[in-house]
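Peer 1:
In the working numbering, the protein residues as written are 1 to 252.
1. Closest to residue 66 by CA distance: which of 230, 239, 215, 231 is it?
2. If we call anything under 8 Å between Cβ atoms a contact, is residue 252 one with residue 111?
3. Determine, using beta carbons only, whether residue 161 and residue 179 come nearer to each other than 8 Å.
4. Only counting the same chain, and skipping five residues up and downstream in sequence, which positions put a Cβ closer than 8 Å to that of residue 210?
5. So, helix, strand or coil for residue 109, using DSSP?
6. Exposed or buried, what is residue 97 when buried is set at 16 or more other beta-carbons lying within 10 Å of its beta-carbon?
7. Using DSSP with H/G/I as helix, E/B as strand and the rest coil, what is residue 134?
8. With a threshold of 16 other CB atoms inside 10 Å of the CB of residue 91, please say whether the residue is buried or exposed.
9. Express the C-alpha separation of residue 130 and residue 113 in angstroms, rounding to a whole number.
10. Nearest-angstrom Cα distance between residue 206 and residue 158?
11. Run through the segment 186–252 for me and flag every whole alpha helix (DSSP H) of 4 or more residues, listed as ranges in chain order.
12. How is the alpha helix (DSSP H) around residue 64 delimited, first residue to last?
13. Using 8 Å as the threshold, is the C-beta distance between residue 208 and residue 102 below it?
14. Using the beta-carbon count (16 or more within 10 Å), is residue 223 buried or exposed?
15. Cβ of residue 196 within 8 Å of Cβ of residue 77?
16. When the Cα atoms are used, what is the spatial distance from residue 100 to residue 169?
17. Please report how far the alpha carbon of residue 79 lies from the alpha carbon of residue 248, in whole angstroms.
This is the structure:
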């Protein structure tokens, strides 16, 4: 857990407890009443800051669904059908990215050339056609790094399998398991409180899970891409009792 967050919570609770005690024992003292009221406000503020830190906008169901709707509108409008390739920051590209090829089964993609492109990728090699977007879960990755006290860049796929259990501690997921073997990643997890949003996204935006994913799934896949400093392509995403993701690393 983040030590700063724990201290903030404890101090906030201390202010609230102190204020309650002052009100109980000095209920007739006007000055004490004002001090207690101020302490109560400070305590609530500190607790609110902790909640705000824990739950960035991308993790709310409303934002998850609206983000997915926007991405789906772009991909559907351009008739993009390929499976997303999550690409870690490299060189001048500072953000986590996802490249979604035009075709479902494109021939070998020249990923080196993709990094030099803007949002819409078109060049003399039709196999490289597609869209190059910021990963929807970029800010969630920053939160996970702060919470775990680590940097994901280059830590390795095996270690990130364990590190991402921080999602349970953040109460984003109720369970998380992942394994890595010979370039392939298998992930399974259960949502903590966003299962209904996940169901609606899969229902309303068919195919989005295999392309750019929602903010939560994309944050997980981008974390694996960062960990190996290699692109990671979705093989399959399915949901029954749990969400299950298969992905494989690609060479640049």
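Each residue gets a CB set at the ideal place from its N, CA and C atoms; glycine is no exception.
Peer 2: With the structure as the only source:
1. Nearest C-alpha to residue 66 among 230, 239, 215, 231: 215.
2. Residue 252 is a Cβ neighbour of residue 111, given a cutoff of 8 Å.
3. Residue 161 places its beta carbon less than 8 Å from that of residue 179.
4. Here the set comprises 83, 84, 234, 236, 237.
5. Coil, per DSSP.
6. So residue 97 counts as buried.
7. It is a strand residue.
8. With fewer than 16 other Cβ atoms within 10 Å, it is exposed.
9. Straight-line spacing of the CA atoms in residue 113 and residue 130 works out to 12 Å.
10. Between residue 206 and residue 158, the C-alpha separation is close to 31 Å.
11. Within the segment 186–252, the complete alpha helix (DSSP H) runs of at least 4 residues are 195–204, 215–228.
12. It spans 61–77 - the alpha helix (DSSP H) in which residue 64 sits, taken as one unbroken run.
13. Their beta carbons are not under 8 Å apart, which means residue 208 does not touch residue 102 by this criterion.
14. Under this definition residue 223 is a buried residue.
15. It is not a contact, given that the beta carbons lie outside the stated cut-off.
16. About 31 Å.
17. For residue 79 and residue 248, the distance between alpha carbons rounds to 24 Å.
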